[in-house]
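Taking it in order: structure first as structure tokens, then the write-up.
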Amino acid sequence: MTRATPWPALDGIAYGGDYNPEQWPREVWDEDVRLMREAGVNLVSVGIFSWALLERSEGVFDFAWLDELLDLLHANGIHVDLGTPTASPPAWFFHAHPEARVVTRDGRTMGFGSRGMASPSSPAYRTAVARIADALAARYAAHPAVVMWHVHNEYGVPVGEDYSPASVAAFRDWLRERYGSLDGLNAAWGTAFWGQHYGDWEHVGAPADAPSVVNPAQRLDFARFTDHQLRACFRLERDAIRAHATQPVTTNFMANQSWTTDLWAWGREVDIVSDDHYLWAADPDGHVGLAIAADLSRSVGGGAPWILMEHSTSAVNWQPRNVAKRPGEMARNSLTHLARGADAILFFQWRASRSGAEKFHSAMLPHAGTDSRVWREVVDLGTALGRLGEVRGARVQAEAAVLWDFESFWAQDLEWRPSVDVTHQAQVRAYYEQLWRDGITADFALPGHDLSGYRLVVVPAQYLLSKADADNLAAYVRGGGTLVVSFFSGIVDENDAVHPGGYLAPLADVLGLRLEEFLPLREGETITLERADGAALTARAWAEDLIVDGADVVARYVDGPAAGRAALTRHAYGAGTGWYVSTSLDADSLAHVMAAAYADAGVSASVVPAGCEVVVRSSDEHDFTFVVNHRDDAVDLALDGTELLTGAPTDGALTVPAGGIAVVRTAREEAGRA
Amino acid sequence: MTRATPWPALDGIAYGGDYNPEQWPREVWDEDVRLMREAGVNLVSVGIFSWALLERSEGVFDFAWLDELLDLLHANGIHVDLGTPTASPPAWFFHAHPEARVVTRDGRTMGFGSRGMASPSSPAYRTAVARIADALAARYAAHPAVVMWHVHNEYGVPVGEDYSPASVAAFRDWLRERYGSLDGLNAAWGTAFWGQHYGDWEHVGAPADAPSVVNPAQRLDFARFTDHQLRACFRLERDAIRAHATQPVTTNFMANQSWTTDLWAWGREVDIVSDDHYLWAADPDGHVGLAIAADLSRSVGGGAPWILMEHSTSAVNWQPRNVAKRPGEMARNSLTHLARGADAILFFQWRASRSGAEKFHSAMLPHAGTDSRVWREVVDLGTALGRLGEVRGARVQAEAAVLWDFESFWAQDLEWRPSVDVTHQAQVRAYYEQLWRDGITADFALPGHDLSGYRLVVVPAQYLLSKADADNLAAYVRGGGTLVVSFFSGIVDENDAVHPGGYLAPLADVLGLRLEEFLPLREGETITLERADGAALTARAWAEDLIVDGADVVARYVDGPAAGRAALTRHAYGAGTGWYVSTSLDADSLAHVMAAAYADAGVSASVVPAGCEVVVRSSDEHDFTFVVNHRDDAVDLALDGTELLTGAPTDGALTVPAGGIAVVRTAREEAGRA
Amino acid sequence: MTRATPWPALDGIAYGGDYNPEQWPREVWDEDVRLMREAGVNLVSVGIFSWALLERSEGVFDFAWLDELLDLLHANGIHVDLGTPTASPPAWFFHAHPEARVVTRDGRTMGFGSRGMASPSSPAYRTAVARIADALAARYAAHPAVVMWHVHNEYGVPVGEDYSPASVAAFRDWLRERYGSLDGLNAAWGTAFWGQHYGDWEHVGAPADAPSVVNPAQRLDFARFTDHQLRACFRLERDAIRAHATQPVTTNFMANQSWTTDLWAWGREVDIVSDDHYLWAADPDGHVGLAIAADLSRSVGGGAPWILMEHSTSAVNWQPRNVAKRPGEMARNSLTHLARGADAILFFQWRASRSGAEKFHSAMLPHAGTDSRVWREVVDLGTALGRLGEVRGARVQAEAAVLWDFESFWAQDLEWRPSVDVTHQAQVRAYYEQLWRDGITADFALPGHDLSGYRLVVVPAQYLLSKADADNLAAYVRGGGTLVVSFFSGIVDENDAVHPGGYLAPLADVLGLRLEEFLPLREGETITLERADGAALTARAWAEDLIVDGADVVARYVDGPAAGRAALTRHAYGAGTGWYVSTSLDADSLAHVMAAAYADAGVSASVVPAGCEVVVRSSDEHDFTFVVNHRDDAVDLALDGTELLTGAPTDGALTVPAGGIAVVRTAREEAGRA
């Protein structure tokens, strides 16, 4: 289902970044505006960290400098995404409300001096954020420069869980609401284990440091509560703005780089999804992580165009080794986001800061000034985006979906799991990366979603899977879908309790097997599997004792603790097929398995060369095929249409140079799915 | 000396595990009892974590469910080891007595939500544990199901040292008692160093975090105090029970897996020693660690039969990689414990928990149910134990002893020792493992024990050794014993003060040498030694400057910092021999040295194949020879008797299949030692 | 410039160590004094940790034992360096003034029980240290044994930064003094970034734990403040002593092993520089670190003779693996310090302690007693020093200087720098070590010093470099100097703000280039450079995008992120030359580069064999050439003069045996520099 898309009132693809002029003398502002125009910037985010300069003391506002700034921007045709500065309350706030400071799980009270909100459960903080949001919206709702509102910054980072007294009290209220009675809570948390029964609501606390491992259901609920409190803060600000303003309201996520917020729930609260994304420098294939973040941003917004609110022109500053982007890489990153649904390409930040914790973060205008590679590429990117305006609003089509469930992440990441070598993230990445290498564009989805529109659904380590959601997956297969389930899926219910019937029980019918025991491997151990045709596969970290009950055995363990037993299975179920992969396959081995699943699903792997990324966005009339060449040599593709960056017809043969990008417009071949 | 052995009133070898029915609906109880009978279970531990359900609020008891449970078990012939639930006080307790919470060394207060007792020095906690123990004993002393009392659970884990104000005050009292005067304390702690002199008892505190390393004698005393406080809590409960009940009282240790309790002292307090043991999955020879734990459990109980209170049917859940046991491994583990003196084989736990921190811990009845490998092996083990009833009460004979002194452990494990590569544990394991590989059954002993019954005594890194204990070792050698002393022995006295005369001084006469200086090696460095016959040995981590003063040099350092100097020595002293090993030998090299020491001692290494474990238990009339085959192939032994698991005569030749076990009864050949 | 050198009133080279007789019974004192005479000891440090025994409770003094001790030492001709015991306040102090305890950055309050001062900002502590220093000075100023005062011990270790309330209040005062106004502070700290603007002095705090990275300028100021507070404590004691006494006053530094004190500032406060130095055992070339420490000690004292206050006869006890010194090593270490300007060779400590945290620290009189290698070498060293009396007061000549700036260290070591693989220490070591290997003696200097006396100045990672200091370096080159600048120099100003114009901007003219972007490498990555002559160099961790603007390119990057671009440059500027090294060269590659810089500077690498250390001290009449042979074989040198340790003429050819030392006196060849 496609939902209506509000969008900031501006033409073409939005281009720009965070703009923090309060760090600079007034004369620099004029230079900034001149250079923005040179680069084609049409949207800047303003005021993200300006609370202390806008509200000089409690309730005492000073808007003069912001008035001047917005007028200047408007006069130069630059639109404004106006921020609420609530991610960084002023020193006076913490001084007046020390009880609002965040407390860590191990009991340390977090002071002022860096960045980071106060406790999301603090009444003083909530009052303060509503006041500043209201004041800003009242003053600027009608300002012609303002085309969007940007609440807060990256909720969940660096402040997520909070163990302050205010938070504990709010958690208790949230639990009362959730469970109604202590009996409900005792049952859900399984407090009979380790003698944790509660006889009075006042005895229930947050899952802080304790002599041993804290009740995992309690910790899972605290993660849910944390997400809930952060969202409540967002809603408070959003509604204060809506009371005055009509422009769309967003808050910037950190998809695939932060895990304390349930983005599916947040996607329902914002008018437009926006996302911040930074390459992970240690990963030589960081662009795969980028694609995950982009696809997730699109998916939590229901497929609507979204905003890349922040990325970097080159290196960041907060990783162990902050690798700079190489020539062309920023453009490839930017157009990959666009290919995957972003209609706005923005950066942190416009001008590199001389002072503070992020002075080594790259910017559109670097410390080296305009006579620099980065600035020249920024200008070129502005030109390129100017040529892609007609792509705006086109939708990405996906035949496959990968499940991504924050609650399952939260539950699986708790202590005392069977093996530290098994992480949810790594399994999601492994399966997504295989799809990426095979040129298959995927959405992300929840196990409870309507999946009938997808030919293939992949389930990587969906540890927490409710019975109802498992039934939904079974219905999907019965209806003809192809489901690929990895090990460590379907283990616990929504209270982190093992399913009656044992591990994997809710998926037993659809997969045609039972799981008797986990068989984690020792550190560094590798094992071999053999397919029916004799081919060998390799795996690590994990094996299982499977009891086949209807499924076909596709491969067996040759060695390791499950030697001789079924390792990979395929089960014809209803009109569809259920695959099960009981170990962590190496990349080459996983490729074999997925190829077979594609055949069942009727999806075709792309024929483009390895390292070449192809994504299609479709409008009612056109397909826009994005080709991003990550290779060190040129590639040739048979593609007939008009290449938009050059404006030239391809005449059926497109050459994309090493590290280059092409966007080819063709007539629409098939109707959209939704 | 053999002491009288109280034993729970039941027939044959005890079999069963922890039973926590409060986690399950009532209808499950009936299934449990039925399946227990199917498996041959005759003893279950009940109530270990039931405090919150038995005492619903302070002084308000609810015994109805426990009455029903005990009656049900009794009606089905299943005996009960009744626990006191004091390892996990209820939420109401911590709410009412927040000052009773444990404080860590770095000042964090440990809250509710996992498991773990309150401060062992807290008056409120002591009052509460005495009340619940008294109430349980008063009610169930005469219940026919109850055959034993199980106080608390694993004292020292997860709560050992406590730095709460109550603990600090109690420590001060304990020190007054120990030293009588501040002069005594100042002298014992050597407070003249670093200006730590105390002029007032009120200034003395616990050894909490400080700017640099805290006084090691203070830390050693705090370890002693911690052990003392935990034992005081045990005695309080034990005596409350004894006021009503006549059944034996135990508490379950964690021999070789926890180091905060001095098990020699605890062995004197319990009626029966019981132990929990879990394989360390990362150790491919985990069964050697198992043998250490079993031998230590037997030794601290003076050789009397003991209870394996907990082990696992397969994987545990709290290690980094929780490797599952392979077919047959649970039986080998169980019968090895039995071979080494256990007359009860129990598990944690009967039925796998659906919820909580340990849901991935294996159980007798796994999540997969009765149609599972684990359940079938549980039933088979019950059958096997049923055939071994006549072994009950038989004693293990040992010609060798290995010293194991908790005070020395505590002292050696403190900061600022000569090399982080030298740990007490690793040295104990190295020497014990050599004995194990050579098929020599060993007891553990303290250096002050009467050792005259042993042909060989091994002293692995007895860092703390009082003058009196050193004299005891010398007397042992003079009397004809063979003593093997490793480096880092005899360094400090009971106050962690270097012995007058220098390192090793108290053992200088018996070893015929002086130790001038430690020569720790750099990380990863290996060195070579040469024996008189020219053979090369290899070692690592450590060397020494030895001055030979009467001893024969058995090997010299070829390279490294002590090149050319004595490395291994042998000293004829009185009627015996004192060996000294001044470095950390690799396994093959240690084997050579120990072989020579065996020759001196007149003990014979076993002739059974490598990887085959043989232990003998002897009653007045019979020897029961346990053969546990850890190999991947069958072994043949010349052994004439009756194999008890099959009931068949061996006719002089016994074949034990790969991974199998045999127990052969033969007529007693020699009288017992004690 | 040579400044007047006060010196303790004793003959020849001072020899001895810390003497803590309060740890021993009275009868041991007599043996101590006898053995001191045997070893040639003429100076001992007394009372360093004696506060609790001198001031038994607040204001109640007991000097009887110290009176007796000083009289005994004096009667035996042993001079005393009398300590103030303020590095370890008594238990009663902390009990009476709990608010004076130090608080760590993460909020833990550090208690009593180890060693370590109270908060340097605590009024109670300041009162107490002035009282005890005054009392000691009043009593012993006229004692004939006392020839020097030793304030405190190793300021900055183990107590450096303190976050107690007293410290926070003092920091605020210090900031008011530094900045005058909040506007000044806001500008210097760049508080506009991340919304950290301060509107009230009361809101300013210490840079304690916060949700994210704390403002780096705030942290840098807190490091300055910490140094300032520690120095204020020193001055308080020094002035209390000076009110009574005329002997010189020192406090012992830890040059090259502790970084919380700005030794350049401390050098101006003490009458004589003294230093503690311990080999880093994990470093196989620990003697290079020793040379750095010695040269730094000399340099911060303006070239005057200094005191090696502590080193060790053999192993220490606080490193992971405490490697013992091998025969001859202690003498080599001692005479290297002497060669580099020390006129006193002292040890921690005289007699090994039986108790406490440092019982495994070696001493002049070890646990093994006088029949030991260590004792024999101590006696021999006393004899050797007795023969070197005429060296006293001679000065070390240096043609090269290496910059060493504590403020730059502090700033660079903060969080979120471009790469964790780049540390200030490693760069200083790499360049110094190359000079050491080439036999070039170096001073250390600050970038603002008058450098005109040096032919060569090396700038290793001078991250923080003020514009004025950069101008001073440029003036040095214009005047004919040769400057070698490593990457990550000249990045920020004194407020940790990036220089206007970008990285390296203040050095752009002198180096003839611009720096566009840092290019940190991935973990473990290595890259290749090619010189103009085709030779290959290797490097790691870092590369840069350089824009050559006048400089000659000496080598280019062959691969890695800067492939094809300039890597090493040389720029003729004024009468001198500016070199730039944009990456972290491996040792062999750096040797090539430095050889070329030596040629520019007109300094000659030494022709002595590798591993042979040669340093010259010069008096008005003589050169004293120290040859320290670290090799495993003997070396022959052509050197005509008198070898002082043997008293024999060299007759033009000197053979120094493996591990040996020679000191050759020759007539002075050239006049001193200053």
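Residue numbers (the UniProt record's numbering), protein chains in the order written: chain A, 1 to 674; chain B, 1 to 674; chain C, 1 to 674. Where a beta carbon is used, it is the ideal one built from N, C-alpha and C, also for glycine.
For chain B, check one thing: does any of its Cβ atoms lie closer than 8 Å to the Cβ of residue 253 (chain A)? Numbered from its first residue, the first sequence carries residue 253 (chain A) at position 253. It does not; no Cβ of chain B falls within 8 Å.
Measure the C-alpha to C-alpha separation of residue 102 (chain A) and residue 211 (chain C) and round it to an integer number of angstroms. Here residue 102 (chain A) refers to the residue found at position 102 of the first sequence. Here residue 211 (chain C) refers to the residue found at position 211 of the third sequence. Going from the Cα of residue 102 (chain A) to the Cα of residue 211 (chain C) covers about 8 Å.
Expected contact under 8 Å - CB spacing of residue 33 (chain B) and residue 78 (chain B) to nearest Å: Within the second sequence, the letter at position 33 stands for residue 33 (chain B). Within the second sequence, the letter at position 78 stands for residue 78 (chain B). Rounded, the Cβ-Cβ distance is 7 Å, consistent with contact.
On the DSSP bridge assignment, give the partners of residue 401 (chain A) in chain order. Walking along the first sequence from the start, residue 401 (chain A) turns up at place 401. Answer by DSSP bridge pairing, in chain order: A:443 and A:457.
Measuring only between beta-carbons, confirm whether residue 503 (chain B) sits less than 8 Å from chain C. The residue given as residue 503 (chain B) occupies position 503 in the second sequence. With 8 Å as the cut-off, residue 503 (chain B) counts as an interface residue toward chain C.
Own chain residues within Cβ distance below 8 Å of residue 218 (chain B), not counting five before or after: Residue numbering aside, residue 218 (chain B) sits at position 218 when the second sequence is read from its first letter. Taken in chain order, the residues that qualify are 189 and 207.
Anything in chain B within Cβ reach of residue 208 (chain A), meaning under 8 Å, just list it in chain order. Working through the first sequence from its first residue, we reach residue 208 (chain A) at position 208. Ordered by position in chain B, the residues that pass the 8 Å Cβ test against residue 208 (chain A) are 111 and 113.
Assign residue 268 (chain A) to buried or exposed, taking buried as 16 or more other Cβ atoms, counted over all protein chains shown, within 10 Å of its Cβ. Locating residue 268 (chain A) in the first sequence gives position 268, where the first residue counts as 1. It is exposed - the Cβ of residue 268 (chain A) has fewer than 16 other Cβ atoms within 10 Å.
Tell me, which residues are paired with residue 520 (chain B) by DSSP? For the purposes of this step, residue 520 (chain B) is identified with residue 520 of the second sequence, where counting begins at 1. Answer is B:542, bridged to residue 520 (chain B).
Residue 193 (chain A): which of B:430, B:24 and B:486 sits nearest, CA to CA? For this step, residue 193 (chain A) is matched to residue 193 along the first sequence. Of the candidates B:430, B:24 and B:486, the one whose C-alpha sits nearest the C-alpha of residue 193 (chain A) is B:24.
For chain B, is any of its Cβ atoms less than 8 Å away from the one on residue 420 (chain A)? Here residue 420 (chain A) refers to the residue found at position 420 of the first sequence. It does: the Cβ of residue 420 (chain A) has a partner Cβ on chain B nearer than 8 Å.
Measure the alpha-carbon distance for residue 570 (chain A) versus residue 557 (chain A) and round it to whole angstroms. As a position in the first sequence, residue 570 (chain A) is number 570, starting the count at 1. As a position in the first sequence, residue 557 (chain A) is number 557, starting the count at 1. If you take the alpha carbons of residue 570 (chain A) and residue 557 (chain A), they lie about 15 Å apart.
Between which residues of its own chain and residue 110 (chain C) is the CB-CB distance below 8 Å, once the five residues before and five after are set aside? By 1-based counting over the third sequence, the position of residue 110 (chain C) is 110. 101, 102, 103, 104, 116 and 159, listed in sequence order.
For the region 541–563 of chain C, enumerate the residues whose C-beta is nearer than 9 Å to any C-beta of chain D, in chain order. This model lacks chain D altogether, as its protein chains are A, B and C.
Residues sharing a beta bridge with residue 84 (chain C), DSSP: In the third sequence, residue 84 (chain C) corresponds to position 84, counting from 1. Paired residue(s): none; residue 84 (chain C) is not in a bridge.
Compare the beta carbon distance of residue 683 (chain C) and residue 324 (chain A) with 8 Å and say whether it is the shorter of the two. Residue 683 (chain C) lies beyond the range of chain C shown here (1 to 674); nothing can be said about it.
Can you find a CB in chain C that lies within less than 8 Å of the CB of residue 378 (chain A)? Position 378 of the first sequence, counting from 1, holds the residue named residue 378 (chain A). Not an interface residue.
Between residue 237 (chain A) and residue 157 (chain A), how many whole angstroms is the CB-CB distance? I'm expecting something under 8 Å. Counted from its first residue, the first sequence places residue 237 (chain A) at position 237. Counted from its first residue, the first sequence places residue 157 (chain A) at position 157. Not confirmed; about 17 Å, so no contact.
Would you say residue 356 (chain C) reaches chain B, if we count a Cβ-Cβ gap shorter than 8 Å as a contact? As a working note, residue 356 (chain C) is residue 356 in the third sequence. Cβ-Cβ to chain B under 8 Å: yes for residue 356 (chain C).
At what residues does the alpha helix (DSSP H) containing residue 269 (chain A) begin and finish? Along the first sequence, one-based indexing puts residue 269 (chain A) at 269. Counting along the chain, the alpha helix (DSSP H) containing residue 269 (chain A) begins and ends at 263–269.
What did DSSP end up calling residue 55 (chain B) once you bin it into helix, strand or coil? Translated into the one-based positions of the second sequence, residue 55 (chain B) becomes position 55. Here residue 55 (chain B) sits in strand by DSSP.
Three-state class that DSSP yields for residue 346 (chain A) in the structure shown: The residue you call residue 346 (chain A) lines up with position 346 of the first sequence. In this structure, residue 346 (chain A) counts as strand in the three-state DSSP scheme.
Could you have a look at residue 155 (chain C) and say whether DSSP puts it in helix, strand or coil? Along the third sequence, one-based indexing puts residue 155 (chain C) at 155. Coil, per DSSP.
Beta-carbon separation of residue 135 (chain C) and residue 97 (chain C) under 8 Å? If you number the third sequence from 1, residue 135 (chain C) lands on position 135. If you number the third sequence from 1, residue 97 (chain C) lands on position 97. No, the pair does not count as a contact, with Cβ atoms beyond the cut-off.
Interface positions of the region 99–110 of chain C facing chain B (Cβ-Cβ less than 8 Å), listed along the chain: 102, 108, 109 and 110
With 7 Å as the limit, tell me which residues of the region 210–234 of chain A have their beta carbon closer than that to any beta carbon of chain B; keep them in chain order. 210, 211, 212, 213, 214, 215, 216, 217 and 218
Presumed contact (8 Å Cβ cut-off) between residue 357 (chain C) and residue 322 (chain C), rounded CB distance: On the third sequence, position 357 is the one that residue 357 (chain C) refers to. On the third sequence, position 322 is the one that residue 322 (chain C) refers to. With a Cβ gap of about 13 Å, residue 357 (chain C) and residue 322 (chain C) do not count as contacting.
Go ahead and pull the three-state DSSP assignment for residue 318 (chain C). Here residue 318 (chain C) is taken as the residue at index 318 of the third sequence, counted from 1. Of the three classes helix, strand and coil, the one that applies to residue 318 (chain C) here is coil, per DSSP.
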